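**Q** Submitted below is the structure of interest, expressed as structure tokens.
Residue numbers (our numbering): 952 to 1120.
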């Protein structure tokens, strides 16, 4: 997804389908068409992953691109006549899931200071975007760890209480 910040540089953000972890961010200094930014964004995301991206669900700004670096580009459009019900529902579900990037961009702008850049130049823009993405991922991982530790503690308390009840009988 492309986002244009106040310093007039474009930012491409790539997130996972299920967990919304940001796997790739690229800062573009020129105002180029969205379809031209996809190559750099997928390259950066593939460098951070073990498996290459096979499908990319994009918005309508990426019209004209069918495949980039082995990743098939899926755009929201009317269903084809030859598609069966399963294929239509699968495309519809993927395109609905694409809308999940908008809140991520909003949180990056407001909570993680993506809209305010105090660093100088193109390198400063890239550092600002990377730090915002790292903060987003760190926050998600800390929340997951806190939930895990909470349930682990509750689970241990339940085991102790069962042990207590077994001992009294």
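Glycine is no exception: its CB is placed at the ideal position from the N, C-alpha and C atoms. These figures come from a predicted structure and were not determined experimentally.
Should residue 1026 be listed as close to the ligand NAP, given that the test is whether its C-beta is under 8 Å from any heavy atom?
**A** With respect to small molecules bound, the structure shown includes none, and the ligand NAP cannot be examined in it.
**Q** Hey, residue 964 and residue 1097: beta-carbon distance below 9 Å or not?
**A** It is not a contact, given that the beta carbons lie outside the stated cut-off.
**Q** Restricting to Cα atoms, I'd like to know which of 1040, 972 and 1093 is closest to residue 1000.
**A** Considering only alpha carbons, the answer is 972.
**Q** Based on Cα-Cα distance, which residue from 1087, 983 and 1032 lies nearest to residue 1060?
**A** That would be 1087, whose Cα lies nearest to the Cα of residue 1060.
**Q** Tell me which same chain residues have a C-beta within less than 7 Å of the C-beta of residue 1063, skipping the five on either side of it?
**A** Same-chain partners within the cutoff: 1083, 1086 and 1087.
**Q** Using DSSP with H/G/I as helix, E/B as strand and the rest coil, what is residue 973?
**A** In the structure shown, residue 973 sits in a strand (DSSP, three-state: E or B).
**Q** Since residue 1080 and residue 974 should fall inside the 8 Å C-beta cutoff, what is the C-beta to C-beta distance between them, to a whole number of angstroms?
**A** Actually they do not touch by this definition, with Cβ atoms about 13 Å apart.
**Q** Please report the straight-line C-alpha distance between residue 1050 and residue 1069, rounded to a whole angstrom.
**A** Cα-Cα distance, rounded: 29 Å.
**Q** In terms of alpha-carbon separation, which member of 1002, 1036, 1067 and 1056 lies closest to residue 1022?
**A** Closest option to residue 1022, Cα to Cα, is 1002.
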